[in-house]
């Protein structure tokens, strides 16, 4: 009997030790990948299921926490704009695979900050990529960070070359058109070097602002560029540096998407900025509350789907298209 008791005690101790190891592993994953839910854990280990969009065209604000990653998907084309922080590469890859994306026609790194291009080296390493677009940056502010150098190394190792972002450049995405609006000069701040893009599909227009500040917004207004858009990817995660009143009036969006981390240390989005959008009657979606956000269109209207299902919309509000 004494042996049996000792055997049971040994098994119990083994189970307790295994539980401690699993809890420690879970804690480590939670810290590394900012996991705050079971869905977050599934993201981290690559088990999260995604429903592929079957719309003619769709724009996906991928939830990568405090960072940007956006997928533009049409019938046969796919464009990735940014890929979140350094630890978000696999999350982005999993999302792309969940959307049945086998090849990226274009990858755009809006600007060389890690919350935008940190995970891009992983994407380039593990996905077929045709073209990489990056902004020109002043020699005096070219970063030497591990994130940026790692991206350049991955581009070189893949046999790709960087296509400098050039204002006026357009790329046909089936029946849609992607156009570069900025930067048209060398700025002193990295955020202002952000590649600003406009995607037009039928009557619907999407504007992607990267982390561009009011300086760039003013330059876009002065250029006379038609800035009206149905959907705006809000600049700089809703920071007070962006989304001026006059700029928002020119864009006059129906929807705004804010990629932002839950309880982030920057207090993004800024309350006054959110209020500016609300005052204009804009429907706001936030990745910290809604998870990944998908805008689907046939060119005549927009349907909105969110990962957490907190809000949905079937069609765009009536608005002036002139």
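In the numbering used here, the protein residues as written are 87 to 408.
Glycine included, each C-beta is placed from N, C-alpha and C at the ideal position.
Between the C-alpha atoms of residue 418 and residue 323, what's the straight-line distance to the nearest angstrom? In this structure the chain extends from 87 to 408, so residue 418 is not present and cannot be described.
Delimiting residues of the beta strand (DSSP E) encompassing residue 214: Unbroken beta strand (DSSP E) run through residue 214: 214-220.
For residue 250: DSSP bridge partner residues: DSSP lists 220 as partners of residue 250.
Where does residue 319 land, buried or exposed, given buried means 16+ other C-beta within 10 angstroms? Buried: at least 16 other Cβ atoms inside 10 Å.
Kindly list the residues whose CB is nearer than 6 Å to the CB of residue 208, restricted to its own chain and excluding five residues on each side of it in sequence; keep chain order. Excluding residues within five positions, the ones whose Cβ falls inside 6 Å are 175.
State the DSSP-derived secondary structure class of residue 124, mapped to helix, strand or coil. Confidence at residue 124 is low in this model, with a pLDDT of 43, below 50, so the placement of that residue is unreliable and no value is reported for it.
Could you tell me the distance, in whole angstroms, from the CA atom of residue 143 to the CA atom of residue 219? Spanning the two alpha carbons is a distance of roughly 21 Å.
Report yes if the C-beta distance between residue 425 and residue 346 is below 7 Å; otherwise report no. Past the boundaries of the shown model lies residue 425; the chain is included only from 87 to 408, so the question cannot be answered.
Which first and last residues belong to the beta strand (DSSP E) in which residue 144 is found? Annotation: the continuous beta strand (DSSP E) that includes residue 144 extends over 143-147.
Buried or exposed: where does residue 252 fall if 16 or more other Cβ atoms within 10 Å of its Cβ makes it buried? Counting Cβ neighbours within 10 Å, residue 252 comes out exposed, since fewer than 16 surround it.
So the candidates are 152, 141, 138 and 140; which of them puts its Cα closest to the Cα of residue 353? In terms of Cα proximity to residue 353, the closest of 152, 141, 138 and 140 is 152.
Taking 7 Å as the CB-CB cut-off, is residue 350 touching chain B? In summary, chain B is missing from the structure at hand, where a single protein chain is found.
As assigned by DSSP and simplified to three states, the class of residue 352: Here residue 352 sits in coil by DSSP.
C-alpha distance - residue 130 paired with residue 178, whole-angstrom precision: Below a pLDDT of 50, predicted positions are generally treated as unreliable, and residue 130, at 47, falls in that range; no measurement from the model is reported.
State the DSSP-derived secondary structure class of residue 361, mapped to helix, strand or coil. Per DSSP, reduced to three states, the secondary structure at residue 361 is helical.
Among all the DSSP beta bridges, which residues are the ones paired with residue 228? Note: residue 228 sits in no beta bridge, so no partner.
Over what stretch of residues does the beta strand (DSSP E) that includes residue 382 continue unbroken? Boundaries of the beta strand (DSSP E) around residue 382: 379-383.
Rounded to whole angstroms, how far is the Cβ of residue 221 from the Cβ of residue 279, which I believe are closer than 8 Å? Correct: roughly 4 Å between the Cβ atoms.
Should residue 382 go down as buried or exposed, given a rule of 16 or more other Cβ atoms within 10 Å for buried? So residue 382 ends up on the buried side.
Given residue 145 as reference, the closest of 332, 340 and 389 once Cα atoms are compared: Considering only alpha carbons, the answer is 389.
Residues of its chain near residue 239, where Cβ-Cβ distance is below 8 Å and the 5 sequence neighbours each way are ignored: Excluding sequence positions up to five before and after residue 239, its CB lies within less than 8 Å of the CB of 207, all in the same chain and listed in chain order.
Spatial neighbours of residue 275 within its chain, please: CB distance less than 8 Å, with the 5 preceding and 5 following residues excluded, ordered by chain position. Contacts found: 227, 299 and 301.
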